[in-house]
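Below is one structure, written out as structure tokens; the observations come after it.
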Amino acid sequence: MVGKYFTDEVIAAVSHYLSNVVFVLWGKPAQQKIKLIDTEKHHVITAPHPSPLSAYRGFFGSKPYSQVNAYLESHGISPVNWCEGEE
């Protein structure tokens with residue numbers, strides 16, 4: 001249970017002290033964390049968890065990485081290079 005409280009505090013602190021953060025919440029347990037996020041300051045993307053057991057329920061085709069970069073670019077922030085380090 002300590003991990004849950006730690007994670008909640010980190011999410012709340014990031015939400016409070018930073019701006020224009022993109023939170024990607026995959027699965028119902030993660031989506032319950034939205035209450036810790038100031039959605040006026042940040043962008044939240046939700047989708048089913050990408051596990052093989054549930055990915056077909058909406059994760060496939062949700063394009064979370066494209067959504068992250070679209071938000072960042074629309075706020076003048078450099079997009080994430082999701083392929084960096086791949087050979």
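Here the sequence shown is numbered in the UniProt record's numbering, starting from 1 and rising by one per residue.
Where a beta carbon is used, it is the ideal one built from N, C-alpha and C, also for glycine.
With which residues is residue i paired in a DSSP beta bridge?
{"i": "Trp26", "result": "Ala47"}
In three-state DSSP terms, what is residue i?
{"i": "Gly3", "result": "helix"}
{"i": "Ile37", "result": "coil"}
{"i": "Trp64", "result": "Correcting the residue identity first, residue 64 is Pro in this sequence and not Trp. Three-state result, Pro64: helix."}
{"i": "His16", "result": "helix"}
{"i": "Val10", "result": "helix"}
{"i": "Glu73", "result": "helix"}
Buried or exposed for residue i, going by 16 or more other Cβ atoms inside 10 Å?
{"i": "Ile37", "result": "buried"}
{"i": "Trp82", "result": "exposed"}
{"i": "Ala47", "result": "buried"}
Residue j and residue i - do their beta-carbons sit closer together than 8 Å?
{"i": "Pro64", "j": "Val21", "result": "no"}
{"i": "Gln67", "j": "Ile45", "result": "yes"}
{"i": "Ser15", "j": "His43", "result": "no"}
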